[in-house]
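These protein sequence lines are chains A and B, in that order.
The first sequence maps to residues 1 to 268 in my numbering.
The second sequence maps to residues 1 to 268 in my numbering.
For each residue, glycine too, the CB sits at the ideal point set by N, CA and C.
This one's a predicted model, so the numbers in the text were calculated from it and none came from an experiment.
Working notes, beginning with the structure itself.
Protein chains: 2
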Amino acid sequence: MSRMKLSLNTATVKRASLAESARLCAEHGITGIGPWRDVIAEAGGAKAARKLLDGHGLSVTSLCRGGFFTTPGGVDDTRRAIEEAAILGTGELVLVVGGLHPGSKDLPAARRIVAEALQRLAPHAAQHGVRLAIEPLHPMFCADRAVVSTLAQALDLAEPFAPQEVGVVVDTYHLWWDPTLFEQIARARGRISIYQVCDWVVPLPADMLLGRGHVGDGHIDFLPITDAVRKAGYDGYVEVEIFNQEIWDAPPDQTVATVKARWDLVGV
Amino acid sequence: MSRMKLSLNTATVKRASLAESARLCAEHGITGIGPWRDVIAEAGGAKAARKLLDGHGLSVTSLCRGGFFTTPGGVDDTRRAIEEAAILGTGELVLVVGGLHPGSKDLPAARRIVAEALQRLAPHAAQHGVRLAIEPLHPMFCADRAVVSTLAQALDLAEPFAPQEVGVVVDTYHLWWDPTLFEQIARARGRISIYQVCDWVVPLPADMLLGRGHVGDGHIDFLPITDAVRKAGYDGYVEVEIFNQEIWDAPPDQTVATVKARWDLVGV
């Protein structure tokens, strides 16, 4: 049985350039990288980035991110993200779908907009060999970042499409609390685009976007979740993606060393 | 058809004594009050409080709160809360079930403890004519306050018991994001112990416990939720329960006036 491998999501080392992140991966024996689009842009665009990452023998495990469909321009921007993903050589584009429309309280309407955006984008993505990976975000981000809050909901949205066209992101931080998580991970068979990990720490800081911890520093029991992901047939990369000001302020080399040191706790 | 009526949860006017809250209710034409136990204790205990509230013609719409079953002493404390609720003349005891055990990451175990606590407490509650009202808390409180995060989960826990023994709390703040909310409210027929309202405002403040807003100040669309609660057969009181430092710092009279002014937005 193949074993899942570690990938560094570039959000974890926010201060580092793509070149530095790639070098750190190589030095620490990490073979996968999950870049964000701003880092790709700063590195001179997708083509230059691809060359750089190829030079370090790195697999691009996903591209973060498209989406924000409830904001004007979200679909067009995601179209460009699909093209970038294809150039980077990753088959998975992570989608953060967006919150309520500005000024609106109509949650069902926002969710319909997301479903329609997937319809509009799926052919373009398929044409580029890129899967649209719907990421359910923690319910505390429902108003302003993602009206898709659970894996069940993401899978319902993915269902009208072929598994190779629309997938889902399983991120421990967003989903660990869900009492239906294990049955939904089983249901996600064939649709898991990427498995992302970081820990839930309390108290959350003032900016709740930045409350994520290194694996092992919080309250999440990773082993059963990883086991469920494996049993659902996933054997791809596991991205460590951590948003945390303190971790961002630390030297990137130290952060990557910690990521590596905690890898055993993920239970792959 | 009877119309739901407004009740003031004392947490909304945290600075006020029970006597002051009762007086404010009377002055603003509010006929229900949902007290917290600390306020009852400060007023000289349940008997004295009952006398005080009776003097203002106030119905006690629930008692907040028992629970915290994953902490030592939680069950015994809830036993006392049941007795207090009976003396106060309310049939509904709100339960915040507790988070993970200190030092534990075993979420399923914590949830089993909750189910067992309900088994142990249900006879005592029934004997006192008090219903155990399970309150699902927003998933962001799963680690430290309540391992019950959704209405579906609360209803699953309530199901082994008669509807008059174990009920559920529907609180807009905790549940508004849930894509299964409307079907679960329908399923809650006969088990809705109390309907609580306040709004979801972003950004959340540093202490995320205190991020709740007056009805109308945030992102929640109250009308369809209230409509679903009504269609599920609920025609009791609606408690306005707001945790917000700014609102707590305001004069209680002003807060109650705002609660009253926003009542139309709840859509009863």
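Inter-residue spacing [alpha-carbon to alpha-carbon] between residue i and residue j
i: residue 235 of chain A; j: residue 92 of chain B; result: 49 Å
i: residue 212 of chain B; j: residue 247 of chain A; result: 29 Å
i: residue 57 of chain B; j: residue 219 of chain B; result: 34 Å
i: residue 15 of chain A; j: residue 214 of chain A; result: 17 Å
i: residue 99 of chain A; j: residue 119 of chain A; result: 18 Å
i: residue 28 of chain A; j: residue 260 of chain A; result: 7 Å
i: residue 188 of chain B; j: residue 79 of chain B; result: 25 Å
i: residue 277 of chain A; j: residue 137 of chain A; result: With chain A represented from 1 up to 268, any question about residue 277 of chain A goes unanswered, as that position is not in the structure.
i: residue 170 of chain A; j: residue 210 of chain A; result: 19 Å
i: residue 190 of chain B; j: residue 102 of chain A; result: 37 Å
i: residue 19 of chain A; j: residue 141 of chain A; result: 31 Å
i: residue 54 of chain A; j: residue 68 of chain A; result: 30 Å
i: residue 180 of chain B; j: residue 59 of chain A; result: 38 Å
i: residue 21 of chain B; j: residue 73 of chain B; result: 30 Å
i: residue 233 of chain A; j: residue 176 of chain A; result: 19 Å
i: residue 5 of chain B; j: residue 264 of chain B; result: 11 Å
i: residue 242 of chain B; j: residue 262 of chain B; result: 13 Å
i: residue 143 of chain B; j: residue 147 of chain A; result: 22 Å
i: residue 154 of chain A; j: residue 122 of chain B; result: 37 Å
i: residue 244 of chain A; j: residue 145 of chain B; result: 23 Å
i: residue 107 of chain B; j: residue 257 of chain A; result: 29 Å
i: residue 126 of chain A; j: residue 114 of chain A; result: 18 Å
i: residue 269 of chain B; j: residue 94 of chain B; result: Examination of residue 269 of chain B is not possible in this model, given that chain B is present from 1 through 268 alone.
i: residue 75 of chain A; j: residue 52 of chain A; result: 28 Å
i: residue 230 of chain B; j: residue 184 of chain B; result: 13 Å
i: residue 157 of chain A; j: residue 249 of chain A; result: 37 Å
i: residue 30 of chain B; j: residue 62 of chain A; result: 55 Å
i: residue 182 of chain B; j: residue 17 of chain A; result: 46 Å
i: residue 97 of chain B; j: residue 77 of chain B; result: 12 Å
i: residue 70 of chain A; j: residue 237 of chain B; result: 36 Å
i: residue 205 of chain B; j: residue 206 of chain A; result: 6 Å
Local Cβ density within 10 Å of residue i, reported as buried at 16 or more and exposed below that
i: residue 167 of chain A; result: buried
i: residue 105 of chain A; result: buried
i: residue 65 of chain A; result: buried
i: residue 3 of chain B; result: exposed
i: residue 24 of chain A; result: buried
i: residue 43 of chain A; result: buried
i: residue 152 of chain A; result: buried
i: residue 223 of chain B; result: exposed
i: residue 164 of chain A; result: exposed
i: residue 139 of chain B; result: buried
i: residue 112 of chain A; result: exposed
i: residue 135 of chain A; result: buried
i: residue 110 of chain A; result: buried
i: residue 159 of chain B; result: exposed
i: residue 85 of chain A; result: buried
i: residue 116 of chain A; result: exposed
i: residue 186 of chain A; result: exposed
i: residue 239 of chain A; result: buried
i: residue 41 of chain B; result: exposed
i: residue 162 of chain A; result: exposed
Residue i - containing beta strand (DSSP E), residue span
i: residue 269 of chain B; result: Any answer about residue 269 of chain B is impossible in this case: the structure gives chain B only from 1 up to 268.
i: residue 5 of chain B; result: 5-9
i: residue 15 of chain A; result: Careful: residue 15 of chain A lies outside any beta strand (DSSP E) and carries neither H nor E.
i: residue 33 of chain B; result: 32-34
i: residue 66 of chain B; result: 63-67
i: residue 268 of chain A; result: Taken as a continuous stretch (DSSP letters only), residue 268 of chain A belongs to no beta strand (DSSP E), as it is neither H nor E.
i: residue 93 of chain B; result: 92-96
Range covered by the alpha helix (DSSP H) that runs through residue i
i: residue 234 of chain B; result: No alpha helix (DSSP H) holds residue 234 of chain B; DSSP gives it neither H nor E.
i: residue 74 of chain A; result: 74-88
i: residue 246 of chain B; result: 245-249
i: residue 259 of chain B; result: 252-262
i: residue 269 of chain B; result: Residue 269 of chain B falls outside the range modelled here, since chain B spans only 1 to 268, and no answer is possible.
i: residue 175 of chain B; result: 172-175
Chain E contact for residue i (CB, 7 Å cutoff)
i: residue 149 of chain A; result: No chain E is present in this structure, whose protein chains are A and B.
Would you say the stretch 42-52 of chain B touches the stretch 247-259 of chain B, given that touching needs at least three Cβ pairs under 8 Å? By the Cβ test, the stretch 42-52 of chain B is not in contact with the stretch 247-259 of chain B, since fewer than three Cβ pairs between them sit closer than 8 Å.
Contact between the stretch 4-12 of chain B and the stretch 23-40 of chain B (3+ Cβ pairs under 8 Å): The answer is yes - the stretch 23-40 of chain B touches the stretch 4-12 of chain B, with three or more Cβ pairs under 8 Å.
In chain order, what are the residue ranges of uninterrupted alpha helix (DSSP H) at least 4 long that sit wholly in the stretch 117-170 of chain A? Runs found: 151-158.
Whether or not the stretch 193-201 of chain B and the stretch 121-133 of chain A are in contact is what I'm after, with contact meaning three or more pairs of Cβ atoms, one per stretch, closer than 8 Å; do they touch? Look at the beta carbons and you see the stretch 121-133 of chain A not touching the stretch 193-201 of chain B: under three pairs across the two are nearer than 8 Å.
List in chain order: all unbroken beta strand (DSSP E) runs of 3+ residues lying wholly within the stretch 180-231 of chain A. Runs of the beta strand (DSSP E) spanning 3 or more residues and lying entirely within the stretch 180-231 of chain A occur at 192-197, in chain order.
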